[in-house]
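What follows is a set of notes on a single structure, which appears directly below.
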Amino acid sequence: MANSALELLGLILSLIGLIGAAASTGMPMWRVTAFIGENIIVFETRYEGLWMNCFKQADIRMQCKVYDSLLALPPDLQAARGLMCCSLALAGLGLLTSLVGLQCTSCIRNNDRAKRLVLIVAGAMIIMACVCVLIPVSWTGHVIIRDFYNPLLIDAQRRELGEALYIGWVAGAFLFAGGCVFTCCNVRSEGKDARSYIYSRNSDYVAYPPQPVQPLQPQQLVLLPQAQAQAQAQPILSRQPSTNYSYQSRHLSRYPSARSGVAYL
Numbered sequence: 058m059a060n061s062a063l064e065l066l067g068l069i070l071s072l073i074g075l076i077g078a079a080a081s082t083g084m085p086m087w088r089v090t091a092f093i094g095e096n097i098i099v100f101e102t103r104y105e106g107l108w109m110n111c112f113k114q115a116d117i118r119m120q121c122k123v124y125d126s127l128l129a130l131p132p133d134l135q136a137a138r139g140l141m142c143c144s145l146a147l148a149g150l151g152l153l154t155s156l157v158g159l160q161c162t163s164c165i166r167n168n169d170r171a172k173r174l175v176l177i178v179a180g181a182m183i184i185m186a187c188v189c190v191l192i193p194v195s196w197t198g199h200v201i202i203r204d205f206y207n208p209l210l211i212d213a214q215r216r217e218l219g220e221a222l223y224i225g226w227v228a229g230a231f232l233f234a235g236g237c238v239f240t241c242c243n244v245r246s247e248g249k250d251a252r253s254y255i256y257s258r259n260s261d262y263v264a265y266p267p268q269p270v271q272p273l274q275p276q277q278l279v280l281l282p283q284a285q286a287q288a289q290a291q292p293i294l295s296r297q298p299s300t301n302y303s304y305q306s307r308h309l310s311r312y313p314s315a316r317s318g319v320a321y322l
C-alpha cells in the first residue's frame, strides 16, 4: 500500500484543486474588457462571469448584476455552469471518500485491500472532477480567442482571458496530480500483492517416491480378561458326548430343566 506521506500529498493537492475550482466558479473574471485600438477609456473595466456581470471604475467599488435569464446565455456559458458544479461535487465526494481509506484513519480496520479500493475510487472521482474543470475553462478560452481575432467584431466587443480561467487551469492541474497520486500508487500496490500469490511452475520442489501399498493383515481377536472369563463360564453345546461333567455338576444343578436339555443334546 502507498505510504502515508503519498496519501497526505494527494489529499493536499486535491484540496488545493477543490479550493481553486470553487474560486474559479464564483469569480466574475472569466471575460475582461480588452483595451485595444481606439478604446482608450482605461478607468472602466467590465467583467463577465458564470453568474453575473460586473462593472468597475478606477476609484469606485465594483458593481455586479446577476443574469436575469439562464436561457438567454450563450451555450458555452450554460455548459460551463453545469460542468463547474459537477466538478465541485465530484472533488468534494472524492476528498470525503479518500478520508475513509487513509492509513491514518480507522474507518476500515484490518482490511488493506478495501482501503486500496476506496482510494482508487476516490482518485478516479478527483480525476473526473479535473476533466469537468478543464472542459469549460478551455472552451471559454477558445471562444474568447476566436472572437478576439474575428474581423466582424468591433474593438469594444472583444474580450481577453480573465483571472478565473488561469485559476481554473491551475486547479485542474492540482486535481489531476492528486487523483493520480491516489490511483496510481494504490493500483501498483494492488498489482504487487496480486503477483505475490501467483503459482510458479518453475519453482524447485522435492518429489517424494510413491510408497508401496501394504496389504491388510487380519488382526487376531484379543479378549480382555473379564470377557474371557465370561466366555469360559458359558456352557458349550456339542453333538459329541462329553465326559467332563465338572462344570455341569457345579453350575447346572440349580436348573434341572437346562440340565436335562443339555444332556439330551
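Under the working numbering, the first residue of the sequence shown carries the number 58, and numbering increases by one thereafter. No residue lacks a Cβ here, since even glycine has one placed at the ideal position from N, Cα and C. Quick caveat, the model's predicted, so the values are computed rather than measured.
Per-residue burial, residue i [other beta carbons within 10 Å of its own, 16 or more giving buried]
i, result
"Ile255", "A caution first: Ile255 carries a pLDDT of 49, below 50, which makes its placement in the model unreliable, though a value can still be read off. Exposed is the call here."
"Lys172", "buried"
"Cys164", "exposed"
"Ile69", "exposed"
"Ala251", "Because Ala251 carries a pLDDT of 46, less than 50, the predicted location of this residue cannot be relied on, and no value is offered for it."
"Ala186", "buried"
"Thr162", "exposed"
"Leu134", "buried"
"Val194", "buried"
Cβ pair residue i, residue j closer than 8 Å
i, j, result
"Leu218", "Ile192", "no"
"Trp196", "Ala137", "yes"
"Ala27", "Ile211", "Past the edges of the chain, shown from 58 to 322, lies residue 27, and the structure says nothing about it."
"Met109", "Ala221", "no"
"Gly158", "Ala179", "yes"
"Ser71", "Gly236", "yes"
"Glu64", "Gln160", "yes"
"Ile184", "Phe233", "yes"
"Arg215", "Ala91", "yes"
"Ala230", "Ser144", "no"
"Met84", "Gly67", "no"
Counterpart residues of residue i in DSSP-defined beta bridges
i, result
"Leu218", "Arg88"
"Arg103", "Phe112"
"Val123", "Met109"
Nearest residue (CA-CA) to residue i, options the options
i, options, result
"Ala181", "Gly151, Arg203, Val227", "Gly151"
"Leu156", "Leu140, Leu134, Val175, Gln268", "Val175"
"Arg203", "Arg88, Ile177, Gly77", "Arg88"
"Val188", "Leu140, Thr240, Gly198", "Leu140"
"Gly74", "Gly236, Pro267, Ala228", "Ala228"
"Ile177", "Ala146, Leu66, Cys241, Leu107", "Cys241"
"Leu153", "Ile117, Arg166, Phe239, Ala213", "Phe239"
"Met119", "Leu209, Asn243, Pro208, Arg103", "Arg103"
"Thr82", "Cys142, Gly198, Tyr124", "Cys142"
Proximity test, Cβ basis, 8 Å: residue i and chain D
i, result
"Ala148", "Of the chains in the structure shown, none is chain D; there is only one protein chain."
First and last residue of the uninterrupted alpha helix (DSSP H) at residue i
i, result
"Cys142", "132-158"
"Thr82", "61-83"
"Arg170", "169-205"
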